[in-house]
Amino acid sequence: MIIKNVHIENNPKLQDVEIRDGRFYRIADEINGTGQVIDGKGSLLLPPFIDSHVHLDSTLTAGEPEWNETGTLFDGIRIWSERKKSLTKDDVKKRAKKSIELMASNGIQYIRSHVDVTDPKLTALEALLEVREEVKDIADLQLVAFPQEGILSFPHGKDLMTTAVKEGVDAVGGIPHFEFNADYGRRSVAFLMELAEKYDKLVDVHCDEIDDPNTRNLEYLATEAYERGMGARVTASHTTAMAQYNDAYVCKLMRLLKMSGINFVANPLVNMHLGGRFDTYPKGRGITRVKELLANGINVSFGEDDIQDPWNPLGTGNMIDVVKMGVYACHLMGHQQLVDSYKLVTTNASRTLNVKDYGIKEGNEANCVIVGSSDFYGALVGDATVLYSIRHGKVLVKRNAPDVEKNW
Ligand code: FE2
Numbered sequence: 010m011i012i013k014n015v016h017i018e019n020n021p022k023l024q025d026v027e028i029r030d031g032r033f034y035r036i037a038d039e040i041n042g043t044g045q046v047i048d049g050k051g052s053l054l055l056p057p058f059i060d061s062h063v064h065l066d067s068t069l070t071a072g073e074p075e076w077n078e079t080g081t082l083f084d085g086i087r088i089w090s091e092r093k094k095s096l097t098k099d100d101v102k103k104r105a106k107k108s109i110e111l112m113a114s115n116g117i118q119y120i121r122s123h124v125d126v127t128d129p130k131l132t133a134l135e136a137l138l139e140v141r142e143e144v145k146d147i148a149d150l151q152l153v154a155f156p157q158e159g160i161l162s163f164p165h166g167k168d169l170m171t172t173a174v175k176e177g178v179d180a181v182g183g184i185p186h187f188e189f190n191a192d193y194g195r196r197s198v199a200f201l202m203e204l205a206e207k208y209d210k211l212v213d214v215h216c217d218e219i220d221d222p223n224t225r226n227l228e229y230l231a232t233e234a235y236e237r238g239m240g241a242r243v244t245a246s247h248t249t250a251m252a253q254y255n256d257a258y259v260c261k262l263m264r265l266l267k268m269s270g271i272n273f274v275a276n277p278l279v280n281m282h283l284g285g286r287f288d289t290y291p292k293g294r295g296i297t298r299v300k301e302l303l304a305n306g307i308n309v310s311f312g313e314d315d316i317q318d319p320w321n322p323l324g325t326g327n328m329i330d331v332v333k334m335g336v337y338a339c340h341l342m343g344h345q346q347l348v349d350s351y352k353l354v355t356t357n358a359s360r361t362l363n364v365k366d367y368g369i370k371e372g373n374e375a376n377c378v379i380v381g382s383s384d385f386y387g388a389l390v391g392d393a394t395v396l397y398s399i400r401h402g403k404v405l406v407k408r409n410a411p412d413v414e415k416n417w
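Residue numbers (this note's numbering): 10 to 417.
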């Protein structure tokens, strides 16, 4: 396959890309040959989109059994806890696959999904382990054992986490800010890190997703990651409390975060929606210090978190929407910041997920998307669509550019 006339990752120069045997074979100013030719017509060629944080067990359940009218995280957890009682394997699989297909149609080829394991039957886990295999042709799915209702604060929480790890999840999760008390929070972090190290798993913790400036589990997670030498394999998701910390504390904390080498995931759509719900005015923005983390050389990616569930009634499986909210919310609206913002849902996310062989480079797996704009700034301005998604050297998605008839 030859892809002609594309701007690779915002490169102003048009180039061609040749794919052979499912890998990028050659990148040059002009490549001619036989076989399938895709004319990019001046569009943007990017590595595939990655959603580094989503919940595919709760996806597409908005309004079941009730709508989250307050818009708080805690009401979301309460409503999901009710919905969880009626889960069946078939129900989870159908909804998860529908969302994955939606995401794939928008150029997402890698997904990290948390799966709630605070369920004595582990129904969602069983379902998503099967889904992970069944969707391999369209997406690489990582699963995180996520204790939605706590590890120490939920009956047999430790056993459920251990079982999930033994059943084959890719990463160990946590929710220290939701544990009954700060001591449980810290002990849950120590437990999950021990578990991950023992079974050689990645770590992704819902860490301090709360507007309480006194919630300080992040420093414990970073310390554990640093002392165990596991930083690159550890992710702190949300960390919205960090937006409420005082600057003197953050200055001291930043040193540890850099030393630890951990990754961060912010979820701009959901953070903006759930954050600041207990404030009158001034009202917190609800999102972690993305700009400052990036400025300190710390890896940050964006996730969508929720697609039409108790935590977000909207959510469309489209990472361009996520970036658009993120650049507004995080004050990343300088021109170069906008042009580079695709990295938050591609390259940076690939580091978070520890994806190997990722990126448009000769020799790598031929996974990429063609977006209908010449650069990513234009993609944001025009809500550009994914015209092609190419996976393992084959066309997974093809979409014609929107054709609008104007009668003036
Ligand atoms: Fe989440």
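From the three backbone atoms N, C-alpha and C, an ideal C-beta is built for every residue, glycine too.
Would you tell me roughly how many angstroms separate the C-alpha atoms of Y367 and T356, rounded to the nearest one? By one-based count along the sequence shown, residue 367 stands at place 358. By one-based count along the sequence shown, residue 356 stands at place 347. One C-alpha to the other measures close to 8 Å.
I40 in three-state terms, based on DSSP: Counting from 1 along the sequence shown, the entry for residue 40 is found at position 31. I40 falls in the coil class under three-state DSSP.
Start-to-end residues for the beta strand (DSSP E) that takes in H16: Start at 1 with the first residue of the sequence shown, and residue 16 comes out as number 7. 11-17 is the extent of the beta strand (DSSP E) around H16.
Coil, strand or helix - R141 by DSSP: To locate residue 141, count along the sequence shown from 1; it is residue 132. In this structure, R141 counts as helix in the three-state DSSP scheme.
So if DSSP puts Y119 in a beta bridge, which residue, or which two residues, is it bridged to? Against the sequence shown, residue 119 aligns to sequence position 110. Bridge partners of Y119: I59, D149.
Is there at least one non-hydrogen atom of the ligand FE2 closer than 7 Å to the beta-carbon of D314? Locating residue 314 in the sequence shown gives position 305, where the first residue counts as 1. Checking every heavy atom of the ligand FE2 against the Cβ of D314, one is found closer than 7 Å.
Just how far apart, CA to CA, sit D330 and D392? For this step, residue 330 is matched to residue 321 along the sequence shown. For this step, residue 392 is matched to residue 383 along the sequence shown. Each residue's Cα considered, the two are about 8 Å apart.
Please identify the residue among M10, G31, K13 whose C-alpha is closest to the C-alpha of A375. Reading the sequence shown from its first residue, position 366 is the one you call residue 375. Residue G31 is the option with its Cα nearest to A375.
Contact test: S108 Cβ vs the ligand FE2 heavy atom, cutoff 7 Å: Numbered from its first residue, the sequence shown carries residue 108 at position 99. False, no ligand heavy atom lies under 7 Å from that Cβ.
Should S310 be counted as a contact of the ligand FE2 given a C-beta to heavy atom distance under 7 Å? Along the sequence shown, one-based indexing puts residue 310 at 301. No, the beta carbon of S310 sits no closer than 7 Å to any heavy atom of the ligand FE2.
Closest by C-alpha distance to P185, when choosing among Y229, T97, G177: Within the sequence shown, the letter at position 176 stands for residue 185. For P185, the nearest C-alpha among the options comes from Y229.
For I120 and A154, which I take to be in contact (beta-carbon distance under 8 Å), what is that distance rounded to the nearest angstrom? Position 111 of the sequence shown, counted from the start, is the residue given in the question as residue 120. Position 145 of the sequence shown, counted from the start, is the residue given in the question as residue 154. Between A154 and I120 the Cβ distance is about 16 Å, and since that is not below 8 Å, they are no contact.
Looking only at its own chain, which residues have a Cβ that is under 6 Å from the Cβ of L201, when we skip the five neighbours before and after it? Residue mapping note: residue 201 aligns to position 192 of the sequence shown, counting from 1. Cβ neighbours of L201 beyond the five flanking positions: V181, G183.
Given N305 as reference, the closest of S162, R264, V390 once Cα atoms are compared: Taking the first residue of the sequence shown as position 1, residue 305 is located at position 296. Ranking S162, R264, V390 by Cα distance to N305 puts R264 first.
Quick one: is M281 near chain B, going by C-beta distance under 8 Å? The structure shown contains no chain B; it holds only a single protein chain.
Do the stretch 199-218 and the stretch 248-258 meet, that is, are 3 or more Cβ pairs less than 8 Å apart? yes
Tell me whether H186, by its Cβ, gets closer than 7 Å to a heavy atom of the ligand FE2. Counting from one through the sequence shown, the residue named residue 186 turns up at place 177. No, Cβ of H186 sits at least 7 Å from all heavy atoms of the ligand FE2.
Please report how far the alpha carbon of K13 lies from the alpha carbon of I28, in whole angstroms. Along the sequence shown, read from residue 1 onward, the residue named residue 13 stands at position 4. Along the sequence shown, read from residue 1 onward, the residue named residue 28 stands at position 19. Cα-Cα distance, rounded: 11 Å.
Work out the CA separation of T171 and Q345 for me, nearest whole Å. On the sequence shown, position 336 is the one that residue 345 refers to. On the sequence shown, position 162 is the one that residue 171 refers to. Spanning the two alpha carbons is a distance of roughly 44 Å.
Can you tell me whether DSSP reads D314 as helix, strand or coil? Numbered from 1 along the sequence shown, position 305 holds the residue referred to as residue 314. Three-state DSSP puts D314 in a strand.
Does the distance from the CB of A275 to the CB of V299 come in under 8 Å? In the sequence shown, residue 275 corresponds to position 266, counting from 1. In the sequence shown, residue 299 corresponds to position 290, counting from 1. For A275 and V299, yes; Cβs fall inside 8 Å.
The alpha helix (DSSP H) spanning Y235 covers which residue range? Within the sequence shown, numbered from 1, the residue matching residue 235 stands at position 226. That run of the alpha helix (DSSP H) goes 226-237.
What does the Cβ neighbour count give for G238, buried or exposed, with the cut at 16 atoms within 10 Å? Within the sequence shown, numbered from 1, the residue matching residue 238 stands at position 229. Exposed: under 16 other Cβ atoms inside 10 Å.
Local conformation of C260 per DSSP, three classes: Position 251 of the sequence shown, counted from the first residue, corresponds to residue 260. The answer is helix: DSSP assigns C260 an H, G or I state.
L23 to D125, Cα distance in whole Å? As a first step, residue 23 is located in the sequence shown; it is residue number 14 there, counting from the start. As a first step, residue 125 is located in the sequence shown; it is residue number 116 there, counting from the start. Rounded to whole angstroms, L23 to D125 spans 45 Å at the Cα level.
Is S246 near the ligand FE2, in the sense that its beta carbon is under 7 Å from a heavy atom of that ligand? The residue you call residue 246 lines up with position 237 of the sequence shown. True, at least one ligand heavy atom lies under 7 Å from that Cβ.
Just the Cα atoms here: how many angstroms apart are R260 and W417? Counting from 1 along the sequence shown, the entry for residue 260 is found at position 251. Counting from 1 along the sequence shown, the entry for residue 417 is found at position 408. It should be noted that the sequence gives Cys, not Arg, for residue 260. Rounded to whole angstroms, C260 to W417 spans 57 Å at the Cα level.
Which first and last residues belong to the beta strand (DSSP E) in which T172 is found? Here residue 172 refers to the residue found at position 163 of the sequence shown. Looking at the DSSP string, T172 is not in any beta strand (DSSP E); the run it does join, the alpha helix (DSSP H), is 166-176.
Enumerate in chain order the residues of its own chain whose CB-to-CB distance from A173 is below 7 Å, with the five nearest sequence positions on each side excluded. Your numbering for residue 173 matches position 164 in the sequence shown. Excluding residues within five positions, the ones whose Cβ falls inside 7 Å are V126, L131, L134, A154.
For the stretch 311-328 and the stretch 65-83, state whether three or more C-beta atom pairs, one from each stretch, are separated by less than 8 Å. yes
Say whether the stretch 76-95 touches the stretch 336-343, bearing in mind that this needs 3 or more beta-carbon pairs closer than 8 Å, one atom from each stretch. no
At a threshold of 7 Å, does H215 count as lining the ligand FE2 (C-beta to nearest heavy atom)? Looking up residue 215 in the sequence shown gives position 206. Answer for H215: yes, Cβ within range of the ligand FE2.
Could you check how far apart the C-beta atoms of K98 and A136 are, in whole angstroms? I think they sit under 8 Å. Taking the sequence shown and counting its residues from 1, the one referred to as residue 98 is at position 89. Taking the sequence shown and counting its residues from 1, the one referred to as residue 136 is at position 127. Rounded, the Cβ-Cβ distance is 4 Å, consistent with contact.
Beta-carbon separation of S122 and L82 under 8 Å? Position 113 of the sequence shown, counted from the start, is the residue given in the question as residue 122. Position 73 of the sequence shown, counted from the start, is the residue given in the question as residue 82. Contact flag unset, no.
Would you please state the rounded distance, in angstroms, between the beta carbons of I47 and M328? I believe it to be under 8 Å. Residue 47 sits at position 38 when you count from the first residue of the sequence shown. Residue 328 sits at position 319 when you count from the first residue of the sequence shown. Incorrect: roughly 22 Å between the Cβ atoms, too far for contact.
Less than 8 Å between the beta carbons of L278 and M334, yes or no? Here residue 278 corresponds to residue number 269 of the sequence shown, with the count starting at 1. Here residue 334 corresponds to residue number 325 of the sequence shown, with the count starting at 1. Closer than 8 Å, so yes.
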